[in-house]
Amino acid sequence: MKKFPYIFLFFQFCLPQDKGLESFKDQKYQESYSYYLNILKNRKNDISAKYGAGISAFKNDDTEIGMQYLKEASIADNDLIASKAHFNLGNIYKDENKLEESIYHYKKAIELNSLDKDAKINFELVKNMLNQDKESNDGKNTQKDKDNEEQNNQSDKDDGSKKGDEEQNNQSDKDDGSK
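If you read the sequence shown in our numbering, its first letter stands for residue 20, the second for the next number, and so on.
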């Protein structure tokens with residue numbers, strides 16, 4: 020007889036989030052976001068609701084709010100939720116081309132859930148993107164260094180040429196004065 024209230028309470032807490040998840044799956048992100056916000060009015064520290072609100076806000080093109088909720092969910096005691104939050108933060112940073120931040124969050128997702136294949140794949144993908152960017156920048160810097168060196172050499176030649184002209188003019192002035 021005592022088990023009934025606990026089961027009822029369990030379903031009572033799960034159902035609102037299921038409605039939010041249902042709305043999310045139907046791509047009704049604003050509706051999903053509203054459900055999670057409603058849950059958070061009554062249970063401010065509900066990590067699942069923060070995660071749901073974060074994902075829903077992001078999908079509703081409110082990246083800043085989405086990131087705020089996901090960051091809160093990423094420090095959850097529940098490793099699965101924290102891992103998913105880090106994974107999604109990694110995706111957001113990847114989309115913003117903030118690759119180092121993205122790698123950090125994918126790495127955290129993997130630490131919290133070593134079975135997360137998507138996090139592992141994205142981690143490797145972004146790591147390769149970052150390496151390509153560095154190689155590309157190194158190539159650009161090398162070319163830039165060569166260009167700067169050429170420019171400095173040309174500038175030195177021009178300065179030397181000007182000095183020679185000045186010396187020649189000074190010599191001409193002396194010659195004119197001695198005649």
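All C-beta atoms, glycine included, are put in the ideal place defined by N, C-alpha and C.
- Given a length threshold of 4 residues, each whole run of the alpha helix (DSSP H) inside the region 39-89 is given here in chain order: 48-61, 66-78.
- When Cβ pairs closer than 8 Å are counted between the two stretches, the region 41-50 is seen to touch the region 78-97, the count reaching three or more.
- Between the region 94-104 and the region 49-63, the count of C-beta pairs closer than 8 Å stays below three; the two stretches do not touch.
- Around the C-beta of leucine 144, fewer than 16 other C-beta atoms lie within 10 Å, and the residue is accordingly described as exposed.
- Less than 8 Å separates the beta-carbon of leucine 118 from that of aspartate 152.
- Counting only residues of its own chain and dropping the five nearest sequence neighbours on each side, aspartate 135 has a CB closer than 7 Å to the CB of Ser102, Phe106, Ala128, Ile129.
- In this model, alanine 68 and tyrosine 55 are separated by some 5 Å (Cα to Cα).
- Fully contained in the region 114-170 are the following alpha helix (DSSP H) runs of length 4 or more, in chain order: 118-131.
- Of the other Cβ atoms in all chains shown, fewer than 16 fall within 10 Å of the Cβ of serine 133; this residue is therefore exposed.
- Distances from the CA of asparagine 116 to each of Tyr88, Ile140, Lys146 were compared; the closest alpha carbon is that of Lys146.
- The beta carbon of methionine 148 is closer than 7 Å to those of Leu118 in its chain, skipping five residues each way along the sequence.
- Excluding sequence positions up to five before and after alanine 72, its CB lies within less than 7 Å of the CB of Tyr52, Tyr55, Leu56, Leu59, Tyr88, all in the same chain and listed in chain order.
- In chain order, Tyr112 place their CB closer than 6 Å to the CB of glutamate 120, counting only its own chain and leaving out the 5 sequence neighbours on each side.
- By the 16-neighbour rule on beta-carbons within 10 angstroms, asparagine 150 is exposed.
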